[in-house]
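> Sharing a structure below in structure tokens format, with a few things to ask.
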Amino acid sequence: MIKVLVVEDSPVVREFLIHVLDADPGIRVIGSVSNGEEAIEAVKHYRPDVITMDIHMPKMDGMEATRRIMETSPTPIVIVSGSTDPHENTKMFRAMEAGALAVLIRPTGIGHPNHEASVRELVQTVKLMSEVKVVRRWPQTRPRSVLLSPQNALVEKPAIVKVVAMGASTGGPPVLQTILAMLPRDFPLPVLIVQHIASGFVTSFVEWLAQSSKLPVHVAAHGEHIAPGHVYVAPDEFQMKVERGGIIALTKDEPENGLRPSVSYLFRSLVAGYDGRVAAVLLSGMGRDGAEELRLLKGNGAVTIAQDKDSSVVHGMPGEAIKLNAAAYILAPDKIAAVLIGLASCKNNKESW
526 MIKVLVVEDS PVVREFLIHV LDADPGIRVI GSVSNGEEAI EAVKHYRPDV
576 ITMDIHMPKM DGMEATRRIM ETSPTPIVIV SGSTDPHENT KMFRAMEAGA
626 LAVLIRPTGI GHPNHEASVR ELVQTVKLMS EVKVVRRWPQ TRPRSVLLSP
676 QNALVEKPAI VKVVAMGAST GGPPVLQTIL AMLPRDFPLP VLIVQHIASG
726 FVTSFVEWLA QSSKLPVHVA AHGEHIAPGH VYVAPDEFQM KVERGGIIAL
776 TKDEPENGLR PSVSYLFRSL VAGYDGRVAA VLLSGMGRDG AEELRLLKGN
826 GAVTIAQDKD SSVVHGMPGE AIKLNAAAYI LAPDKIAAVL IGLASCKNNK
876 ESW
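With the working numbering applied, the sequence shown covers 526 to 878.
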């Protein structure tokens, strides 16, 4: 039985969330509170397996409550928001910086055509996140800047790279933020990203990444030509691939590994279109999306990287790639950035554009 604490300031919404969660035989709501201050005390008292957390609350908001809980009583936290404003929702990704594992739109009300599907997504997410072993986040100030050079970039030999592709799921957003924030303004390669995330949040996610990245970050558009030094994030409910000539194609092809967008779909398009001139990165996440395709890319001459276990919230995707011997490098996020910078510093790569 999964024990859940519901944190929500609206009494009506709070009772609704309790109702839909308690309706599942594998979940029991053991407590509910109306603000962040109460949440911190309730976590110590109830010791829940999972917390559902609102963001906008009186006294202490969900972002600060998440930070404090992860510093004192680390617990899997799912942010549940009723807002559909992309600018407002960037705050949810700041909660992910503090340690929250997932973000979701609040389930729609009874009678709405999407009610059952949205409730199912919440229940499934709570169950999945209950399996994640979270660790204490020590109090810290803004991460210091790290100066990187090709000499400390860990690249054993120069490789011709024309594009960077990264795939991530649970635990991925803060890792992607770390990597992108470390890439310099003159980074000469396009960067393609597939991040598994709840539908409706990709615009907020892109805005949040852009706040700390020196590179322009976009939601990818069909027919767009990828440009050096730009970051393209796959949109909701589309598969993303890159066709010859560097043109993004968004399709409604079937989900792969149950996912659309899928890392496997993107990586496979690069096997066909780039003759090994790819740096492919598989980051924290559940399942095995992208693992087999990372192996194919490696066999085709690409530079392949998997995030290490110690820095991953969930080592499913990168762990599966490592089992397949698909990763040439197994690294923490800062070292991944260093390798990408080192690869981009190679003379051939700067001149390839």
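A virtual CB, placed ideally from N, CA and C, is assigned to each residue, including glycine.
Below 8 Å on the Cβ atoms is my contact criterion, and I expect residue 758 with residue 743 to pass it. Report the Cβ-Cβ distance as a whole number of Å.
With 8 Å as the limit, residue 758 and residue 743 qualify as a contact, their Cβ atoms being about 7 Å apart.
> Hey, residue 692 and residue 791 are a contact pair by Cβ (cut 8 Å); roughly how many whole angstroms apart?
The pair is a contact, with the Cβ atoms about 7 Å apart (cut-off 8 Å).
> Pick out the complete alpha helix (DSSP H) segments inside the stretch 785-860, 4 residues or longer, and give them in chain order.
Counting only runs of 4 or more, we get 788-798, 816-824, 841-848.
> What residue range is occupied by the uninterrupted alpha helix (DSSP H) comprising residue 772?
Taken as a continuous stretch (DSSP letters only), residue 772 belongs to no alpha helix (DSSP H), being part of the beta strand (DSSP E) at 772-776.
> Less than 8 Å between the CB atoms is what I'm expecting for residue 810 and residue 721, so what's the real figure, rounded?
Going by Cβ atoms, the distance from residue 810 to residue 721 rounds to 7 Å, so yes, they are a contact pair.
> Tell me, to the nearest whole angstrom, how far the beta carbon of residue 600 is from that of residue 623; I am working on the premise that it is less than 8 Å.
12 Å between Cβ atoms; not a contact.
> If we ignore side chains and look at the alpha-carbon of each, how far apart do residue 769 and residue 750 end up?
Whole-angstrom Cα-Cα distance: 10 Å.
> What is the DSSP secondary structure of residue 527, reduced to helix, strand or coil?
Reduced to three states, the DSSP call for residue 527 is strand.
> Should residue 740 and residue 702 be called a contact, given that it needs their Cβ atoms to be closer than 8 Å?
Contact: no.
> Between the beta-carbon of residue 650 and the beta-carbon of residue 719, is there less than 8 Å?
No, these two residues do not count as a Cβ contact at 8 Å.
> Does residue 704 pass the burial test, meaning 16 or more other C-beta atoms within 10 Å, or should it be called exposed?
Flag for residue 704 reads buried.
> Please work out which residues of its chain come closer than 7 Å, Cβ to Cβ, to residue 560, disregarding the five sequence neighbours upstream and downstream, and give them in chain order.
The answer, listed in chain order, is 534, 582, 583, 584, 585.
> So what's residue 731 in DSSP terms, helix, strand or just coil?
Residue 731 falls in the helix class under three-state DSSP.
> What's the call for residue 764, buried or exposed, on a 16-neighbour Cβ count within 10 Å?
Buried, by the Cβ-count rule.
> Does the Cβ-Cβ distance between residue 690 and residue 795 come in under 8 Å?
Yes. Within cutoff.
> Whose C-alpha, out of 659, 829, 553, 543, is nearest the C-alpha of residue 631?
Ranking the options by Cα distance to residue 631, first place goes to 543.
> Tell me, please, which residues DSSP counts as bridged to residue 764.
Note: residue 764 sits in a beta bridge opposite 776.
> Between the C-alpha atoms of residue 849 and residue 538, what's the straight-line distance to the nearest angstrom?
Each residue's alpha carbon lies about 45 Å from the other.
> By DSSP, does residue 675 sit in helix, in strand, or in coil?
Residue placement at residue 675 cannot be trusted, given a pLDDT of 39 that sits under 50; the coordinates are not used to answer.
> Mapping DSSP to helix, strand and coil, what is residue 781?
Correct three-state label for residue 781: strand.
> What is the C-beta distance between residue 707 and residue 859, in whole angstroms, given that I count them as a contact (C-beta under 8 Å)?
The pair is a contact, with the Cβ atoms about 7 Å apart (cut-off 8 Å).
> Where does residue 737 sit, in a helix, a strand or coil, going by DSSP?
Three-state result, residue 737: helix.
> Anyone know if the C-beta pair for residue 657 and residue 723 falls short of 8 Å?
The answer is no: Cβ separation not under 8 Å.
> Kindly list the residues whose CB is nearer than 7 Å to the CB of residue 698, restricted to its own chain and excluding five residues on each side of it in sequence; keep chain order.
Answer for residue 698: 618, 621, 720, 730, listed in chain order.
> To the nearest angstrom, report how far apart residue 786 and residue 594 are at their CA atoms.
Whole-angstrom Cα-Cα distance: 32 Å.
> Could you pull out every residue in the same chain whose Cβ sits closer than 8 Å to the Cβ of residue 555, ignoring the five residues on either side in sequence?
Result list for residue 555: 528, 529, 530, 571, 573, in chain order.
> What residues in its chain sit with their C-beta under 6 Å from that of residue 776, if we drop five residues either side in the sequence?
Within the same chain, residue 776 has close Cβ partners 764.
> Is residue 712 closer than 8 Å to residue 771 when the C-beta atoms are compared?
Taking 8 Å as the Cβ cut-off, residue 771 and residue 712 do not qualify as a contacting pair.
> Quick check on DSSP: helix, strand or coil for residue 556?
Residue state, collapsed to three classes: strand.
> Return the bridge partner residues of residue 904 from the DSSP annotation.
This structure cannot speak to residue 904, because the chain is shown only from 526 to 878.
> Are the CB atoms of residue 686 and residue 717 within a distance shorter than 8 Å?
Not a contact, by the Cβ cut-off of 8 Å.
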